[in-house]
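My numbering numbers the first residue of the sequence shown as 982 and each following residue consecutively. For glycine and all other residues, C-beta sits at the position ideal for the given N, C-alpha and C. Since we're looking at a predicted model, the values are computed, not measured. Read through the structure below, which is laid out as structure tokens, and then see the notes.
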Amino acid sequence: MKLRLAIFGGSGYGGSELLRILLLHPNAEIRFVTANEHAGKAVSEVHRNLLGLTNLQFMKAPEDLESLANLDCVFLALPHGQAMEIAPRVPANVKVIDLSGDFRLRDASVFALHYGREHSAMDAQSQFVYGLTETNREVIKTSRCVANPGCFATATLLGLAPLVANNLLSCRVIVDAKTGSS
982 MKLRLAIFGG
992 SGYGGSELLR
1002 ILLLHPNAEI
1012 RFVTANEHAG
1022 KAVSEVHRNL
1032 LGLTNLQFMK
1042 APEDLESLAN
1052 LDCVFLALPH
1062 GQAMEIAPRV
1072 PANVKVIDLS
1082 GDFRLRDASV
1092 FALHYGREHS
1102 AMDAQSQFVY
1112 GLTETNREVI
1122 KTSRCVANPG
1132 CFATATLLGL
1142 APLVANNLLS
1152 CRVIVDAKTG
1162 SS
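In structure tokens, the structure reads:
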């Protein structure tokens, strides 16, 4: 049986890669993908690399999230600040996987410091588990809501995990990470 999925925010890089991976997955059925600014356009018109893989069209995000109750899971590939407005309103029978930073940090003051805004759904924060599968796989399997870690955190934690597991760290670790793109 295929999982019935939806992607909120399919026009950005993260959303497009998620869409590409799920389109090729034999157990995934993408019911819809949103991109408000591209609503009505073919997905392959925006993401030329998906030409021939899908006939899906982008749509506006639904106002009534109760309409999602027939899905198994929704992915939130939205800019920071938008997932916190949607996740708490997703029906309780639907899993939520957030690719933004909205549910990664548990402390409201730390969130505000790093993201420059207040978190509007801190009460929903406790429902989310940290989605680093290499270290948290069993908890993720049984969780309804997953907060995907960011790229720097993933690289750092995966690099340090064997050192921590073997008790090889005896000092404070400082990570200086850079991203390059063109």
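Close-in-space but distant-in-sequence residues of the same chain around residue i (CB under 6 Å, 5 per side omitted)
i: L1059; result: F989, G990 and S1081
i: L1032; result: S1025
i: V1154; result: none
Limits of the unbroken alpha helix (DSSP H) element including residue i
i: C1152; result: Unbroken run through C1152: none, as it is neither H nor E.
i: T1114; result: T1114 to K1122
i: D1088; result: Neither: D1088 is in no alpha helix (DSSP H) and is coded neither H nor E.
i: S1015; result: Checking the sequence, you will find Thr at residue 1015 rather than Ser. No alpha helix (DSSP H) contains T1015, which is instead part of the beta strand (DSSP E) from A1009 to T1015.
i: F1084; result: No alpha helix (DSSP H) contains F1084, which DSSP labels as neither H nor E.
i: G1097; result: G1097 -> no alpha helix (DSSP H), and no H or E assigned at all.
i: L1000; result: Y994 to L1004
i: L1066; result: One detail in the question is off: residue 1066 reads as Glu in this sequence, not Leu. Note, E1066: alpha helix (DSSP H), A1064 to I1067.
As assigned by DSSP and simplified to three states, the class of residue i
i: F989; result: strand
i: V1127; result: strand
i: M982; result: coil
i: Q1038; result: strand
i: A1050; result: helix
i: A1073; result: coil
i: A1146; result: helix
i: A1158; result: coil
i: A1136; result: helix
i: A1105; result: helix
i: A1166; result: Because residue 1166 is not part of the residues shown, which for the chain are 982 to 1163, the question remains open.
CB of residue i within 9 Å of CB of residue j, strictly
i: G996; j: A1016; result: yes
i: R980; j: S1107; result: Outside the modelled stretch of the chain, which goes from 982 to 1163, sits residue 980, for which no answer is possible.
i: L999; j: F1084; result: no
i: M1065; j: H1028; result: no
i: A1050; j: N1074; result: yes
i: P1072; j: A1105; result: no
i: F1133; j: T1116; result: no
i: A1136; j: G1112; result: no
i: L1034; j: L1005; result: yes
Own chain partners of residue i with C-beta closer than 8 Å, once the 5 adjacent residues on each side are dropped
i: V1120; result: V1110
i: A1042; result: F989, T1015, N1017 and I1067
i: S1131; result: Note on identity: in this sequence residue 1131 is Gly, with Ser being the wrong assignment. Closer than 8 Å at the Cβ level, and outside the excluded window around G1131, lie G1082 and R1085.
i: L986; result: L1003, A1009, E1010, I1011, R1012, L1052, D1053, C1054, V1055 and F1056
i: A1089; result: E1099, H1100 and M1103
Continuous beta strand (DSSP E) stretch holding residue i: start and end
i: V1055; result: C1054 to L1057
Same chain, Cβ closer than 7 Å to residue i, five either side skipped, listed in chain order
i: T1114; result: I1121
i: K981; result: Residue numbering for the chain in the displayed model covers 982 to 1163; residue 981 lies beyond these limits and cannot be assessed.
Check: residue i C-beta below 8 Å from any heavy atom of the ligand SAM
i: S1090; result: Because no ligand of any kind appears in the structure shown, any question about the ligand SAM cannot be addressed here.
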